[in-house]
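Add 2 to the 1-based position in the sequence shown for this note's numbering, that's all there is to it.
Built from N, CA and C at the ideal position, the CB exists for glycine as well.
Note that the structure is predicted; figures quoted are calculated from it, not measured.
Before any comments, here is the structure.
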Amino acid sequence: MSKNWTILETLKYTRHDWLNRLQLIKGNISLGKTEQAERIMDEIVMEMQQEAMLSNIELPRFAEKLLTHNWNEYHFKVEYELVTLPKKIRLNDDLLTEWTGSFFEQLNKAVLPFYENCLFVKIEPTDEMVRFLFEFNGIIENETELKSWLQSHDQYPDQVTFDQVGENDWLIQALFFK
């Protein structure tokens with residue numbers, strides 16, 4: 003599901019997202035729900051701060067993968083957070099993007115379509131490594147196949163773990179040592 007976005011397509015999707023957000027704010031204000039409108043605006047500010055951090059980590063292909071994921075026809079949405087803004091993440095952008103894209107494809111095959119599946123990606127850089135926590139909330143129909151794929155693709159990243167932490171919650175941790 004990899005797609006090369008043109009500038010016009012990117013602007014089209016971005017404009018659509020912003021119009022949806024503005025309509026939510028406007029609708030809440032017209033209903034007198036100013037606190038809800040303020041909450042939405044605060045969420046937008048936090049999302050834009052995260053987007054700016056992601057755009058500045060010198061992993062352009064990986065950043066593009068996360069930023070455009072929700073515009074594609076996957077059975078799960080992606081949210082992300084950088085815990086701190088690193089000076090520089092020393093990872094191979096091409097390998098990281100290829101692994102992430104393959105992981106997203108495998109996860110897409112494993113999840114129940116038409117369910118509200120969400121993958122939260124938390125990026126935690128340290129001096130020794132970069133830890134990616136993939137917290138999945140939703141229904142995985144084929145856990146065995148996904149787990150098998152993760153175990154067979156553990157050379158890059160350096161270490162991968164997969165744990166079910168709740169009825170519909172999984173935690174996949176990928177460690178990349180510097």
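| query | result |
| --- | --- |
| Simplified DSSP assignment, three categories, for N139 | strand |
| contact_flag[the segment 82-101, the segment 113-127] where n(CB pairs < 8 Å) is 3 or more | yes |
| Three-pair Cβ contact test at 8 Å for the segment 20-34 versus the segment 62-78 | no |
| G140 classed as buried or exposed, judged by whether at least 16 other C-beta atoms fall within 10 angstroms | buried |
| Terminal residues of the beta strand (DSSP E) in which G29 lies | No beta strand (DSSP E) holds G29; the alpha helix (DSSP H) holding it covers I9 to S32. |
| Residues bridged to E118 (per DSSP) | Paired residues: none, contrary to the question. |
| Three-state secondary structure (DSSP) of K79 | strand |
| Residue span of the alpha helix (DSSP H) that contains Q161, given as start and end | Taken as a continuous stretch (DSSP letters only), Q161 belongs to no alpha helix (DSSP H), being part of the beta strand (DSSP E) at Q161 to G168. |
| Separation of L68 from F179, as counted between CA atoms | 21 Å |
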